[in-house]
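Q: FYI, the working numbering numbers position 190 of the sequence shown as 192, with every residue one higher than the one before it.
Beta carbons: idealized from backbone N, C-alpha and C, even for Gly.
From a predicted model like this one, the values you see are computed outputs, not experimental measurements.
Handing you a structure now.
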Amino acid sequence: DNSCFASLLTPQGKFLFEFIIVKHKSGYFIDCEKSQANDLFKQLRIYKLRSKVEILNLSNEFVIAVFDSEKFLSFDNAKDVLGHTVKYREDPIVLDPRHKELGARLIINLEKLYLSLKKLGLKSADPIEYYKISHQLGIVPKDLNKLQNKLFGIECNFEELNGLDFKKGCYVGQENTARIKLKNKLSKRLLPIQVTKGDLHQDEPIYNNEVEIGKILIEKDFPFALVKYLDDNFNENLNYSTKNASFKIIKPNWIKS
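This is the structure in structure tokens:
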């Protein structure tokens, strides 16, 4: 009855892809950001080798509808547990395993979407509204391809988002991930930015007191930076600036100190 948040890392533990795995009939849906779908599909086919597993890219047939957790809990057998999964007819609905305020995700065939929304008493909304909620929570909603190979999976806050299991057996990227955790060497985190003026640029450094404390990784729409959050020169109450922008760096309250 549970779905999980997961990722693929490089052998060095750097971020490649993130997704939600959802059981469906005799197989699984892999729910990922659209911009990553084609590359993730190719990567999984490489990992498949000769195993008797069929991997299909259904991006043009299925879509995701998102609604709040209160609506999710109105379904029969629904539980207030992250990742808990129920069915609407034959279609899975998942309480987002990363954070409750991200709501629930219905995976449904595009042809059935609008009729199903009507029967569920739901109205369509601009996806930007969902992206805003995700960004305010400090969870990257889009442009994940800009993070590839730029930071470690653990720096993406995957432990807090239930995407890392330190009791699990071997996986690609485990060695560095475990070392950072066990030796308490996590000094950088991916944090959201609120721009107050101007434009950011990807890979632009962030300074305070002439000390570099971070770097812009996602510059447009819903920006994020990799920040040395334990550095004495980082203060989330300060206003920061680059050559062409002024902004604040937000540390969500669910992130561990």
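Scan the segment 83-166 and note each continuous alpha helix (DSSP H) run of 4 residues or more that stays entirely inside, going in chain order.
A: 115-121 and 129-139
Q: Out of I257, N40, K258 and N210, point me to the one whose CA is closest to K250's CA.
A: The shortest Cα separation from K250 among I257, N40, K258 and N210 belongs to N210.
Q: Return the chain-ordered ranges of every alpha helix (DSSP H) run that is complete within the segment 16-57 and spans a minimum of 4 residues.
A: 36-50
Q: Where F19 and K36 are concerned, what is the direct C-alpha to C-alpha distance, given to the nearest angstrom?
A: 11 angstroms
Q: Let me make sure I understand the geometry here. Which of K16, F7 and V197 has the alpha-carbon closest to that of Q176?
A: K16
Q: Between the segment 114-132 and the segment 202-217, can you find at least three pairs of beta-carbon atoms closer than 8 angstroms?
A: no
Q: In the DSSP assignment, the alpha helix (DSSP H) including S71 goes from what residue to what residue?
A: S71 to F74
Q: Assess, as a yes-or-no matter, whether the segment 137-151 is touched by the segment 217-233 under the definition of 3 or more beta carbon pairs within less than 8 angstroms.
A: yes
Q: Using a threshold of 7 angstroms, is the CB atom of I208 nearer than that to any non-hydrogen atom of the ligand FMN?
A: Inclusion of the ligand FMN in the displayed structure is not the case, the ligand content being empty and no account of it being possible.
Q: Alpha helix (DSSP H) containing A80: first to last residue?
A: Per DSSP, A80 belongs to no alpha helix (DSSP H) and is neither H nor E.
Q: Classify K217 as helix, strand or coil using the three-state DSSP reduction.
A: strand
Q: What is the DSSP secondary structure of K183, counted as helix, strand or coil?
A: K183 carries a helical assignment under DSSP once its states are collapsed to helix, strand and coil.
Q: Determine, using beta-carbon pairs with one atom in the segment 234-252 and one in the segment 155-169, whether at least three such pairs fall under 8 angstroms.
A: no
Q: Mind reading off the beta-carbon distance from I66 to R91? Whole number of angstroms is fine, and I expect it under 8 angstroms.
A: In fact, because the Cβ distance is near 16 angstroms, the residues do not count as touching under 8 angstroms.
Q: If we ignore side chains and look at the alpha-carbon of each, how far apart do D93 and K199 end up?
A: 44 angstroms
Q: Go to G200, then tell me how far its beta strand (DSSP E) extends in each direction, as first and last residue.
A: R191 to G200
Q: Does the distance from the C-beta atom of P99 to that of L75 stay below 8 angstroms?
A: no
Q: Let me check understanding here. Comparing Cα to Cα, which of S53, N62, Y173 and S71 lies closest to V88?
A: Of S53, N62, Y173 and S71, the residue nearest in Cα terms is S71.
Q: What whole-angstrom Cβ distance do S118 and I110 have, given they're in contact under 8 angstroms?
A: 6 angstroms
Q: Could you tell me the distance, in whole angstroms, from the CA atom of R52 to the CA atom of L192?
A: 36 angstroms
Q: Using CA coordinates, which residue listed in E113, Q150 and K73 is at the minimum distance from V96?
A: Answer by Cα proximity: K73.
Q: Strictly by DSSP, which residues pair up with Y209?
A: E214
Q: Looking only at its own chain, which residues have a Cβ that is under 8 angstroms from the Cβ of A39, when we skip the five neighbours before and after it?
A: N59 and S61
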